[in-house]
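16 is the number of the first residue of the sequence shown in the working numbering; add one for each residue after it.
Cβ coordinates follow ideal geometry from the N, Cα and C atoms, glycine included.
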Amino acid sequence: MPALHKLQQDMMSRILREDSAEGLPIAKNGPFTPDERLQVYKNNTHLTLLDLLKDVFPVTTILLGEKFLNFAGREFIRAFPPESGDMNGYGGLFPEYLARLPNLNQFPYVPDVAKLEWLAHESYLSPRRAPLTGAMLAAVEDPVNLKLHVQPHVFLLRSAWPVDRLWHEVSEHGEALKDFKFEAAETFAAIYREERRIAVWTITEGAYKFLEHLQSDPALAFAAETAMRAEGDFPLDKFLATLLQLELLAAPENA
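Given below as structure tokens:
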């Protein structure tokens, strides 16, 4: 391993893991010790990563409060430092980390709100393929074996709490609704991108099962069967029409 690369790795490891500057080639002249000089980099790095978490999880930040988010964020950064220079992928473990914090037992919905925000982040960064149109669907010669492909920017969330409603309310009203009260209720949502805007769509269990199946197996017949098992009167034709209208199904790549 080249000496410079090894030095860079060692430096970053000490910055992220709160190690001392002992052994690093840091100048010892002047009024500051090597540890004090290294601390400047530590502070800047942690502030940058904290700001990144707050940008990705704005509603979670409001619900937890700035002070608690700073505490939880710093502990998360120490436990799960970045593993690459691509910061777009950093923070995916934060919802799971929050779920393990004993301090959040009285706010059991917050980890799922964070999960929704992470899926929104992933959706925003995901590509939009050319949409499937009604004309394409009508031209299919073998509808029995039809395969439908969900757009890559569509993500699904299932929660024991109405986090979709909470996300909408806090996103719109901010701090004024951080103490919003609601009861536990199983919720299904689809998170997707409309150009440069993220949409959170509340759906039924049948719709959730339908999309979930298509994401792993694009066979329409089996996806419909799965949806019907979850929701006996699942309105397949109406839901397909809505998916086409919202452009949430992708055209075949060879179309």
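Excluding sequence positions up to five away, which residues of its chain have a Cβ less than 6 Å from the Cβ of residue i?
{"i": "Ala200", "result": "Pro177"}
{"i": "Ser174", "result": "Asp127, Thr202"}
{"i": "Leu84", "result": "Thr76"}
Alpha carbon to alpha carbon, how far is residue j from residue i? Give it in angstroms, no decimals.
{"i": "Leu64", "j": "Phe109", "result": "12 Å"}
{"i": "Ala129", "j": "Asp248", "result": "32 Å"}
{"i": "Glu220", "j": "Leu251", "result": "13 Å"}
{"i": "Thr75", "j": "Leu67", "result": "13 Å"}
{"i": "Phe91", "j": "Pro117", "result": "14 Å"}
{"i": "Leu119", "j": "Ala266", "result": "43 Å"}
{"i": "Ala36", "j": "Leu79", "result": "A caution first: Ala36 carries a pLDDT of 48, below 50, which makes its placement in the model too unreliable to give a value."}
{"i": "Phe197", "j": "Thr217", "result": "16 Å"}
{"i": "Glu187", "j": "Arg180", "result": "11 Å"}
{"i": "Lys69", "j": "Phe122", "result": "18 Å"}
{"i": "Leu261", "j": "Phe237", "result": "22 Å"}
{"i": "Gly100", "j": "Lys82", "result": "27 Å"}
{"i": "Gly189", "j": "Val155", "result": "47 Å"}
{"i": "Arg115", "j": "Leu147", "result": "41 Å"}
{"i": "Asp161", "j": "Arg244", "result": "Inspection of the sequence shows that residue 161 is occupied by Leu rather than by Asp. About 20 Å."}
{"i": "Met16", "j": "Glu268", "result": "Low confidence applies to Met16: its pLDDT is 41, below 50, so where it sits in the model is not reliable enough to give any reading."}
{"i": "Glu98", "j": "Asn59", "result": "18 Å"}
Nearest to residue i by alpha carbon, out of the options?
{"i": "Ala242", "options": "Glu81, Leu134, Leu226", "result": "Leu226"}
{"i": "Trp182", "options": "Phe83, Leu116, Ser99, Pro73", "result": "Pro73"}
{"i": "Pro158", "options": "Glu268, Ser186, Ala239, Asn103", "result": "Ala239"}
{"i": "Ser141", "options": "Phe95, Gln260, Glu210", "result": "Glu210"}
{"i": "Leu172", "options": "Asn103, Glu246, Glu137, Ala236", "result": "Glu137"}
{"i": "Tyr223", "options": "Leu67, Ile213, Glu246, Arg212", "result": "Glu246"}
{"i": "Leu152", "options": "Pro97, Val185, Leu235", "result": "Leu235"}
{"i": "Leu14", "options": "Glu98, Ala205, Pro123", "result": "In this structure the chain extends from 16 to 270, so residue 14 is not present and cannot be described."}
{"i": "Arg212", "options": "Leu113, Arg143, Arg244", "result": "Arg143"}
{"i": "Val71", "options": "Ala87, Gly106, Pro97", "result": "Gly106"}
{"i": "Leu229", "options": "Ala150, Leu258, Pro97", "result": "Leu258"}
{"i": "Val215", "options": "Glu184, Lys82, Glu268", "result": "Glu184"}
{"i": "Leu134", "options": "Pro233, Thr148, Glu111, Ser231", "result": "Glu111"}
{"i": "His232", "options": "Leu163, Ala256, Glu98", "result": "Per the sequence shown, the amino acid found at residue 232 is Asp instead of His. When each option's Cα is compared against that of Asp232, the closest is Leu163."}
What residues match up with residue i in a beta bridge as DSSP calls it?
{"i": "Glu209", "result": "Arg212"}
{"i": "Leu152", "result": "Per DSSP, none; premise fails for Leu152."}
{"i": "His164", "result": "Ala265"}
{"i": "Thr217", "result": "Ala204"}
{"i": "Pro73", "result": "For Pro73, which the question treats as bridged, DSSP gives no partner whatsoever."}
{"i": "Pro146", "result": "Ala265"}
State the start and end residues of the unbroken alpha helix (DSSP H) segment that holds residue i.
{"i": "Phe86", "result": "81-94"}
{"i": "Glu240", "result": "235-245"}
{"i": "Phe254", "result": "251-260"}
{"i": "Glu98", "result": "Unbroken run through Glu98: none, as it is neither H nor E."}
{"i": "Glu198", "result": "Counting along the chain, Glu198 falls outside any alpha helix (DSSP H), and DSSP gives it neither H nor E."}
{"i": "Asp127", "result": "125-140"}
{"i": "Val159", "result": "Val159 -> no alpha helix (DSSP H), and no H or E assigned at all."}
{"i": "Tyr112", "result": "109-114"}
{"i": "Leu181", "result": "178-188"}
Could you pull out every residue in the same chain whose Cβ sits closer than 7 Å to the Cβ of residue i, ignoring the five residues on either side in sequence?
{"i": "Leu263", "result": "Val165, Gln166, Val169, Tyr207"}
{"i": "Asn103", "result": "Leu140"}
{"i": "Gly38", "result": "A caution first: Gly38 carries a pLDDT of 46, below 50, which makes its placement in the model unreliable, though a value can still be read off. Excluding positions up to five away in sequence, the list is empty."}
{"i": "Leu113", "result": "Ala87, Leu119, Val125, Pro126, Ala129"}
{"i": "Gly149", "result": "Leu259"}
{"i": "Ala256", "result": "none"}
When you compare the CB of residue i with every CB in chain C, is at least one pair closer than 7 Å?
{"i": "Arg144", "result": "Considering every chain present, this structure includes no chain C. It has just one protein chain."}
What are the start and end residues of the beta strand (DSSP E) that includes residue i?
{"i": "Leu171", "result": "170-174"}
So is the beta-carbon of residue i under 6 Å away from any non-hydrogen atom of the ligand ADP?
{"i": "Phe122", "result": "The ligand content of the structure shown is nil, which means the ligand ADP is not present either."}
Once you ignore the five residues that flank residue i on each side, which residues in its own chain have a CB closer than 8 Å to its CB?
{"i": "Asn61", "result": "According to the sequence as given, residue 61 is His; it is not Asn. So the qualifying residues of the chain are Arg89, Ile92."}
{"i": "Lys253", "result": "none"}
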